[in-house]
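Protein chains: 2
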Amino acid sequence: MGKKTLPKPTDSELEILQILWQNGASTVKAVNEKLNEKKETGYTTTLKMLQIMYEKNLVVRDENERSHVYKSAIDKNQIQRVLLDKLLETAFSGSAANLVMQVLGNSKPSKEELKNIKELLDKIERERK
Amino acid sequence: MGKKTLPKPTDSELEILQILWQNGASTVKAVNEKLNEKKETGYTTTLKMLQIMYEKNLVVRDENERSHVYKSAIDKNQIQRVLLDKLLETAFSGSAANLVMQVLGNSKPSKEELKNIKELLDKIERERK
DNA sequence: AACTTACTACGAAACTTTTCGTATGTGGGG
DNA sequence: CCCCACATACGAAAAGTTTCGTAGTAAGTT
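Sequence lines, in order, name chains A and B. Quick note on the numbering used here: the first sequence kicks off at -19 and runs consecutively. Quick note on the numbering used here: the second sequence kicks off at -19 and runs consecutively.
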């Protein structure tokens, strides 16, 4: 209650959130540099994106220094969940099992990862009873 | 070769593809009605979407009857894969295991589904050797 | 103090996606 | 034959997203 539903971030926003999650609080400059490792992006473009995200409360910022420092305002897991639920709904008709099988089929999970997944499955089964 | 990379469908397009996958070939009217079960949508809006999708080769249509009949031109699995890969990349830093665990954690897979997933895991392990 | 550099803020252009009004065509039923 | 119900086509408005030019401001440098 009173909890605002978090908006699905756009693709660009997500790229930036990704950087913030990975690198922690960052200046515009730092974000822009990271962004440029993947694709050329003007400095003011990055700045603008961060400002927009700030207005949407996707990020918070510290204005104490001359160069503002931004960091993600939302949990990586929360967003993952929002996006995953949406994909599940829109592309998999809600069937989590289908989705899981597609991922496992396409990707090459490591031995370690397989083990973790199995453990989780066991845990779910145990809790089910 | 000569194979066009499939474009990522937009959200609206995906909603419509969903309907076509579920119901098979459909008239605009039928699609529109389904769409309206979820959210109010004008008839011409749906028509336009289908026309756009037709131009993008996301759907094919049979014009023999007065009411054209549309059906998806692409495989559900293909699209699922495109979207999943993208999500994996943009929101999960490529970690399939993380993604899987999120899904399994959030959703309530049935006993049957769990079994299927386990079998798939076993199969992957066996093939790994 | 004037000059340079490194920022932020703002606004608008360029694109993309979504929605819908209007025009137009066609095949019966009266 | 004429109208009406029901389609499609088209174009453009509306809404959302992304990019960037320009202006302004504050902090050091000479």
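For every residue, glycine included, the Cβ atom is placed at its ideal position computed from N, Cα and C.
query: Counting only beta-carbon atoms, is L(-14) (chain B) nearer than 8 angstroms to chain A?; result: no
query: Can the beta-carbon of T7 (chain B) be found less than 8 angstroms from the beta-carbon of L15 (chain B)?; result: no
query: Within 10 angstroms of its Cβ, does P(-13) (chain A) collect 16 or more other Cβ (buried), or is it exposed?; result: exposed
query: So which residues on chain B does E107 (chain A) lean against when the C-beta distance must stay under 9 angstroms?; result: Within chain B, no residue comes near E107 (chain A); the closest Cβ sits about 10 angstroms away, beyond 9 angstroms.
query: Strictly under 8 angstroms for the Cβ-Cβ distance: is V80 (chain A) near chain B by that measure?; result: yes
query: Hey, how far is the Cα of K18 (chain A) from the Cα of S(-8) (chain B)?; result: 28 angstroms
query: Just the C-alpha distance for L0 (chain B) and G74 (chain A), rounded to the nearest angstrom, thanks.; result: 16 angstroms
query: Is the beta carbon of I104 (chain B) closer than 8 angstroms to that of M81 (chain A)?; result: no
query: With which residues is D(-9) (chain A) paired in a DSSP beta bridge?; result: Looking at the DSSP assignment, D(-9) (chain A) forms no beta bridge with any residue, so it has no partner.
query: Three-state secondary structure (DSSP) at R108 (chain A)?; result: helix
query: Taking Cβ to Cβ, would you say L79 (chain B) is nearer than 8 angstroms to L38 (chain B)?; result: no
query: Does the beta carbon of K36 (chain A) come closer than 8 angstroms to any beta carbon on chain B?; result: no
query: Please state whether DSSP places R46 (chain A) in a helix, a strand or coil.; result: coil
query: Is the CB of N3 (chain A) under 8 angstroms away from at least one CB in chain B?; result: no
query: Examine chain A for any beta-carbon lying closer than 8 angstroms to the beta-carbon of L27 (chain B), and answer yes or no.; result: no
query: Report the residue from B:N57, B:S90, B:L100 and B:K95 whose alpha carbon sits nearest the alpha carbon of P89 (chain A).; result: B:L100
query: Could you please give the first and the last residue of the uninterrupted alpha helix (DSSP H) stretch that includes F72 (chain B)?; result: K56 to F72
query: Look at T70 (chain A) and E(-5) (chain B) and say whether their C-beta atoms are less than 8 angstroms apart.; result: yes
query: Any beta carbon from chain A within less than 8 angstroms of G(-18) (chain B)'s own beta carbon?; result: Confidence in G(-18) (chain B) is poor, its pLDDT being 48 and thus under 50, which makes the residue's placement too unreliable to answer from.
query: Below 8 angstroms on the Cβ atoms is my contact criterion, and I expect Y34 (chain B) with A5 (chain B) to pass it. Report the Cβ-Cβ distance as a whole number of Å.; result: Contact doesn't hold; Cβ gap of about 13 angstroms is too wide.
query: Determine the burial state of N57 (chain B): buried for a count of at least 16 other Cβ atoms within 10 Å of its Cβ, exposed for fewer.; result: exposed
query: What residues in the stretch 85 to 104 of chain A have a beta carbon less than 7 angstroms from any beta carbon of chain B?; result: N86, S87, P89, E93, L94, N96, I97, K98, L100, L101 and I104
query: What's the gap between the Cα of L94 (chain B) and the Cα of G85 (chain A)?; result: 15 angstroms
query: Looking only at its chain, what residues have a beta carbon closer than 6 angstroms to the beta carbon of G(-18) (chain A), apart from the 5 residues adjacent to it on each side?; result: Legend: pLDDT at G(-18) (chain A) = 49, less than 50; position of this residue unreliable, value from coordinates given subsequently. Around G(-18) (chain A): no qualifying Cβ.
query: In this structure, how does DSSP classify K114 (chain B) when only helix, strand and coil are distinguished?; result: It is not possible to answer for residue 114 (chain B), since the shown part of chain B is limited to -19 through 109.
query: So what does DSSP say about T21 (chain A), is it helix, strand or coil?; result: coil
query: Quick one: give me the first and last residue of the alpha helix (DSSP H) that G85 (chain A) is part of.; result: A76 to N86
query: So if DSSP puts V11 (chain B) in a beta bridge, which residue, or which two residues, is it bridged to?; result: Answer is none; V11 (chain B) lacks a bridge partner.
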